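Read in order, the letters of the sequence shown correspond to residues 1182 to 1449 in the numbering used here. Idealized CB from N, CA, C, for every residue including glycine. Note that the structure is predicted; figures quoted are calculated from it, not measured. Each remark here refers to the structure printed beneath this line.
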Amino acid sequence: MADVSPFSWWRRFLALPNDSRIKTVGVAFLVALISAITVSVTSVTLKPRQQAHIDAAREANLAAMMATLPGLADILRESGADTLETVIVDLEAGQIDGTVDAASYDFLAAQTDPGQSAALLPEDDLAAIGQRPNLAPVYLLRGTDGLALVVLPIYGTGYQSTIRAYLALKGDLNTIAALSIYKHGETPGLGSRITDPGWLALWSGKQAADAAGVITITVVRGSAATASEVDGITGATRSTTGVANLVQFWLGPHGYGPFLTRLKTGAL
1182 MADVSPFSWW RRFLALPNDS RIKTVGVAFL VALISAITVS VTSVTLKPRQ
1232 QAHIDAAREA NLAAMMATLP GLADILRESG ADTLETVIVD LEAGQIDGTV
1282 DAASYDFLAA QTDPGQSAAL LPEDDLAAIG QRPNLAPVYL LRGTDGLALV
1332 VLPIYGTGYQ STIRAYLALK GDLNTIAALS IYKHGETPGL GSRITDPGWL
1382 ALWSGKQAAD AAGVITITVV RGSAATASEV DGITGATRST TGVANLVQFW
1432 LGPHGYGPFL TRLKTGAL
């Protein structure tokens, strides 16, 4: 009776000469199979750790961002915020899109991807960005008394560059907690002064909209006279106007406006 033991087959296979085509193909197949199994097992085993590292990195980046916002540490202490939630918002619908993973969503790539953005009409494009992503991240900080802070990533065109910033709103969703500009290419010594801590601090406490909900926050020449005005910077009119325009755009109907309205009315 023929020996059908797998060990017998294995011994016969190993006994084949090294230049045997069957042995060469067999060894190659076994190496590929073992490698595939190893990669699969490693991937499954390490996935929780990898996700934990991604989450930790995201939280660390946001913590670093928060640290750059003027006076934010005091605001957080006063508000008692202790829980951070990152959500992806459908800007058109003004709703949270729970189908998109916030950790892997690439907001920067979406800004120039026709498949992930929509063209803006000139009359609607106050920030002069040409097209707006369909989705955008929002950072919600909650405390014992509920929503304490909402942080919005915003961007727009200045005098000669794209200005990127974070706008933090207090829990009433109308009072500006802070503005932090982290990237731009404005004229050194002039437009670049939009990152001066003293000027950014002027935004804190300003009102974004009036009682009717109309976005009124703006930058004025000279000294501010109302709760919705921020002092301009001499010699940097175009850059500061660009900042005002991008803030107005992202708080308006084509930016985070619909989401903020739903959040304020408790519809989310």
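If you draw a straight line from the alpha carbon of residue i to that of residue j, how long is it in whole angstroms?
i	j	result
residue 1410	residue 1223	56 Å
residue 1213	residue 1205	12 Å
residue 1312	residue 1305	10 Å
residue 1280	residue 1303	31 Å
residue 1294	residue 1333	20 Å
residue 1210	residue 1364	52 Å
residue 1221	residue 1360	45 Å
residue 1286	residue 1298	13 Å
residue 1218	residue 1264	40 Å
residue 1315	residue 1438	13 Å
residue 1422	residue 1384	14 Å
residue 1434	residue 1370	34 Å
residue 1326	residue 1215	55 Å
Under 8 Å, do residue i and residue j count as touching if we go by C-beta distance?
i	j	result
residue 1424	residue 1344	yes
residue 1368	residue 1340	yes
residue 1405	residue 1396	no
residue 1268	residue 1283	yes
residue 1272	residue 1354	no
residue 1308	residue 1337	yes
residue 1322	residue 1428	no
residue 1374	residue 1414	yes
residue 1447	residue 1417	no
residue 1440	residue 1319	yes
residue 1362	residue 1382	no
Can you give me the Cβ contacts of residue i inside the same chain, cut-off strictly under 6 Å, excluding the 5 residues immediately before and after it?
i	result
residue 1352	1328 and 1329
So, at 7 Å on beta carbons, what are the nonlocal neighbours of residue i in its own chain, with the 5 sequence-adjacent residues on each side left out?
i	result
residue 1387	1357, 1398, 1408, 1409 and 1411
residue 1182	Unreliable placement is indicated for residue 1182, whose pLDDT of 49 sits below 50; the coordinate value is still reported in the next sentence. No residues qualify anywhere along the chain.
Could you tell me whether any non-hydrogen atom of the ligand HEM is closer than 7 Å to the CB of residue i?
i	result
residue 1368	This structure lacks the ligand HEM, and indeed carries no ligand of any kind.
Identify, in the order they occur along the chain, each residue of the same chain with its Cβ nearer than 8 Å to the Cβ of residue i, setting aside the five sequence neighbours on each side.
i	result
residue 1270	1276, 1277, 1278, 1316, 1317, 1318, 1319, 1437 and 1440
Threshold first: 4 residues or longer. Then list the alpha helix (DSSP H) segments lying entirely within the segment 1271 to 1313, N to C. 1288 to 1291
Counting only runs of 3+ residues fully inside the segment 1318 to 1389, write out the beta strand (DSSP E) ranges in chain order. Taking only runs of at least 3 residues, the beta strand (DSSP E) segments lying wholly in the segment 1318 to 1389 are 1327 to 1338, 1343 to 1351 and 1357 to 1364.
Can you list the beta strand (DSSP E) stretches of 3 or more residues lying completely in the segment 1389 to 1445, in chain order? 1399 to 1401 and 1410 to 1412
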